[in-house]
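Engineer:
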Amino acid sequence: MMYEYMTLDDETTIAHSEMKKDGTVKVYIEKPVEGGFHHATCFLPKYDWVENEGFSDSEIEALKKFVENNAHLIIELSQKGGFLNASGF
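Structural data, given as structure tokens:
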């Protein structure tokens, strides 16, 4: 199951999985572009970037910084069923 975490001003969406039994959390990032999507995947807590399709070097560096700055929240929410479940909305 994937939970939406945030949508940025440029329509890039960041989503995360529930925490797996081994303690990992999948972070999936996708941005709509003409003809499809750019997407990237990272696994926390090791910050293991396993996929980048279409993002430039500067874009992926900014996304890495974003994930690093938000990892503690993403990991917490991954244990509570995402933001909507954690917030009671």
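The sequence shown runs 10 to 98 under the working numbering.
Where a beta carbon is used, it is the ideal one built from N, C-alpha and C, also for glycine.
Just so it is clear, the structure is predicted and the values come from calculations on it, not from any experiment.
Over what stretch of residues does the alpha helix (DSSP H) that includes Glu85 continue unbroken?
Structural biologist: As a first step, residue 85 must be located in the sequence shown, where it is residue number 76. Run containing Glu85: 66-87, per the alpha helix (DSSP H) assignment.
Engineer: Would you kindly work out how many angstroms separate the C-alpha atoms of Pro54 and Glu43, rounded to a whole number?
Structural biologist: Stepping through the sequence shown from its first residue, residue 54 is reached at position 45. Stepping through the sequence shown from its first residue, residue 43 is reached at position 34. In a straight line, the C-alpha of Pro54 is about 32 Å away from that of Glu43.
Engineer: Can you tell me whether Tyr56 is buried or exposed? The criterion is at least 16 other CB atoms within 10 Å of its CB, across all chains shown.
Structural biologist: Within the sequence shown, the letter at position 47 stands for residue 56. Under this definition Tyr56 is an exposed residue.
Engineer: Roughly how many angstroms separate the alpha carbons of Ile84 and Tyr12, rounded to a whole number?
Structural biologist: By 1-based counting over the sequence shown, the position of residue 84 is 75. By 1-based counting over the sequence shown, the position of residue 12 is 3. One C-alpha to the other measures close to 12 Å.
Engineer: Give the straight-line distance between the Cα atoms of Pro41 and Met15, rounded to the nearest whole angstrom.
Structural biologist: Position 32 of the sequence shown, counting from 1, holds the residue named residue 41. Position 6 of the sequence shown, counting from 1, holds the residue named residue 15. The alpha-carbon atoms of Pro41 and Met15 are separated by roughly 14 Å.
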